[in-house]
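Written below as structure tokens is the structure these notes are about.
Numbering (our numbering), first residue to last: 46 to 216.
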């Protein structure tokens with residue numbers, strides 16, 4: 046049947062914030078590591094030059110990926126975050142395992158492994174059956190999923206993309 050989107054003991058799927066890009070998360074990790082070991086959330090937002098509304102989803106994504114932890118208004122790098130910070134090339138490729146457990150990447154990988162090629166629309170349809178969506182408007186939801194797959198899954202080496210057909214494949 047469809048993709049199973051529950052994770053471990055939690056009944057809620059892990060969902061990547063819609064408008065966060067890989068470069069933003071890498072910047073957050075590098076700035077946190079440069080200022081660390083612990084940095085105030087508001088200071089970190091200032092250092093990144095982001096207002097809090099833009100910053101919080103970036104922080105959520107970094108935490109979801111296991112790169113940072115938030116405690117009492119302070120942010121610090123995890124061991125994995127320190128490893129990413131020290132890596133000089135292909136930082137996002139280190140995140141392949143984490144990304145494969147987070148929506149929409151999990152569903153896209155499951156579909157791509159069965160169907161060889163998959164569209165963002167197909168990923169959206171399966172995710173919606175499990176009540177996972179980024180926006181209530183169907184067209185905008187597909188667009189957000191497409192952007193996430195392009196900006197994360199390709200960069201991380203999980204999927205490839207054919208711009209002529211608009212389809213993703215396992216990398």
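The C-beta atom is built at its ideal place from N, Cα and C for all residues, glycine as well.
On the DSSP bridge list, what partners appear for residue 141? Residue 141 is not bridged by DSSP to any residue.
Close-in-space but distant-in-sequence residues of the same chain around residue 136 (CB under 7 angstroms, 5 per side omitted): 71, 129
Starting from residue 239 and walking both ways along the alpha helix (DSSP H), at which residues does that stretch end? Outside the displayed span of the chain (46 to 216) sits residue 239, for which this structure offers no information.
Which two residues bound the contiguous alpha helix (DSSP H) that contains residue 167? 165-174
Leaving out five residues before and five after residue 148 in sequence, what residues of the same chain have Cβ atoms less than 7 angstroms from its Cβ? 50, 58, 59, 60, 61, 172, 177
Taking the beta carbon of residue 190 as the centre, do at least 16 other beta carbons fall within 10 Å, making it buried, or is it exposed? buried
Within 10 Å of its beta-carbon, does residue 152 have 16 or more other beta-carbons around it, so buried, or fewer, so exposed? buried
Range covered by the alpha helix (DSSP H) that runs through residue 152: In the DSSP annotation of this structure, the continuous segment of the alpha helix (DSSP H) that includes residue 152 starts and ends at 150-160.
Roughly how many angstroms separate the alpha carbons of residue 179 and residue 132, rounded to a whole number? 31 angstroms
Counting along the chain, where does the alpha helix (DSSP H) carrying residue 204 start and finish? Per DSSP, residue 204 belongs to no alpha helix (DSSP H); it is in the beta strand (DSSP E), 204-207.
Using the C-alpha atoms, what's the distance from residue 214 back to residue 161? 6 angstroms
Taking the continuous alpha helix (DSSP H) assigned at residue 214, which residues delimit it? Premise fails: residue 214 lies in the beta strand (DSSP E), 212-215, not in any alpha helix (DSSP H).
In terms of alpha-carbon separation, which member of 206, 110, 158, 186 lies closest to residue 127? 110
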